[in-house]
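Take a look at the structure set out below.
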Amino acid sequence: MSLETRVQALLAEGRVREAASTAIRQLGPQVLSYLSALLRSEPDAHEVFSQFAEDLWKGLPGYRGESSLRGWAYRIAWNASARFARDPYRQRGRRLETSEASRIAEEVRSALTPERAWRRERVAQLREALEPEEKTLLILRVDRGLSWREVAVVLTEEGSAPPSEAALRKRFERLKEKLGRAARDKGLID
C-alpha cells in the first residue's frame, strides 16, 4: 500500500493523528533534506522543519488529494520557509513549546545520515548564488525527483494558476544553463 493510499485510508477512518504521524515520518527525511539545501543552515532548516511538521499535522484533515501527498507536503514546506524568511523576529531564537508533531520532527532530524550533508556541500557554491525559487526548482526536480506537476503545485503563487509544465521545463533549462556557466567560471567543469 502506497503512503498516499495509507494516509487517505487513515483519514477516511478518522485516524488523523496516525495519518499525520505516518506522513511526517515517511516524507520528513526528504523534506528536511530539501529545507537544509534551500536554507543552507541546519538550525534554520530544523526550525522550518518543525513548523512544516506542525502545519502538516494541522492541515492534513483538509488534504483533498488534488495533488500528490508528496507535492502537497513540499508546498507546505515551501510556505513554511517563505514565512520564516519574512519573519523579522526569527533571530530571537525563541523556541516554541514541544508538541507531538515537534517530537516526531526531532526524531526524523536525528535519523539523517552524514551522506546527505556531504552531497549538499558538493554543490553548495553554485546553489548559494541562486534565488530561493530557483533553488526550490532545482532541489525538487533533481534531488527529490518530483514530477513537473508536483513542482508546479509547490511553486504556485497564492491565488494564481499553477505554471504550465512547459514553462517550468523552460525555466529549468535556463537554470541549468546558468549553473553550467557558473560552474565553468569557477573552474568546476571544463
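If you're matching positions, the sequence shown starts at 4 in our numbering and goes up one per residue. All C-beta atoms in this analysis are idealised placements derived from N, C-alpha and C, irrespective of residue type, glycine included.
Taking 8 Å as the cut-off, decide whether the C-beta atoms of arginine 78 and leucine 149 are in contact. no
Proline 46 versus leucine 35 - alpha carbon distance: 11 Å
So, using beta-carbon positions, are alanine 108 and phenylalanine 52 closer together than 8 Å? yes
Check whether the segment 130-146 touches the segment 161-176, taking contact to mean three or more Cβ pairs, one atom from each stretch, closer than 8 Å. yes
Taking the C-alpha atoms as reference points, what is the distance between glutamine 133 and glutamate 180? The question names glutamine, but residue 133 is leucine in the sequence shown. Between the C-alpha atoms of leucine 133 and glutamate 180 there is a straight-line separation of about 12 Å.
Beta-carbon proximity list for glutamate 161, same chain, < 8 Å, skipping 5 on both sides: none
Which value, in whole angstroms, describes the spacing of the CA atoms of threonine 8 and isoleucine 192? 43 Å
Starting from the Cα of arginine 28, find the closest Cα among Gln128, Glu110, Ala83 and Glu50 and give me that residue. Glu110
Aspartate 90 - DSSP class collapsed to helix/strand/coil: Aspartate 90: coil per DSSP, three-state reduction.
Taking the beta carbon of alanine 170 as the centre, do at least 16 other beta carbons fall within 10 Å, making it buried, or is it exposed? exposed
Could you check what DSSP says for threonine 159 in three-state terms: helix, strand or coil? It is coil, neither helix nor strand.
Where glutamate 69 falls, given that 16 or more other Cβ within 10 Å makes a residue buried: exposed
Do alanine 40 and aspartate 146 have their beta-carbon atoms positioned less than 8 Å apart in this structure? yes
Can you tell me whether alanine 23 is buried or exposed? The criterion is at least 16 other CB atoms within 10 Å of its CB, across all chains shown. With at least 16 other beta carbons inside 10 angstroms of its own, alanine 23 counts as buried.
Nearest neighbour of arginine 43, chosen from Arg130, Thr25 and Arg106 [CA to CA]: Arg130
Roughly how many angstroms lie between the CA atoms of isoleucine 142 and glutamate 16, to the nearest whole one? 34 Å
Range of the contiguous alpha helix (DSSP H) that encloses leucine 142: First, the amino acid is wrong: residue 142 is isoleucine here, not leucine. Careful: isoleucine 142 lies outside any alpha helix (DSSP H) and carries neither H nor E.
Which residue comes first and which comes last in the alpha helix (DSSP H) that contains tyrosine 37? First-last of the alpha helix (DSSP H) with tyrosine 37: 19-42.
Between the C-alpha atoms of asparagine 82 and lysine 189, what's the straight-line distance to the nearest angstrom? Between asparagine 82 and lysine 189, the C-alpha separation is close to 32 Å.
So what does DSSP say about tryptophan 121, is it helix, strand or coil? Bear in mind that the predicted position of tryptophan 121 carries a pLDDT of just 46, short of 50, making it too unreliable to give a figure here.
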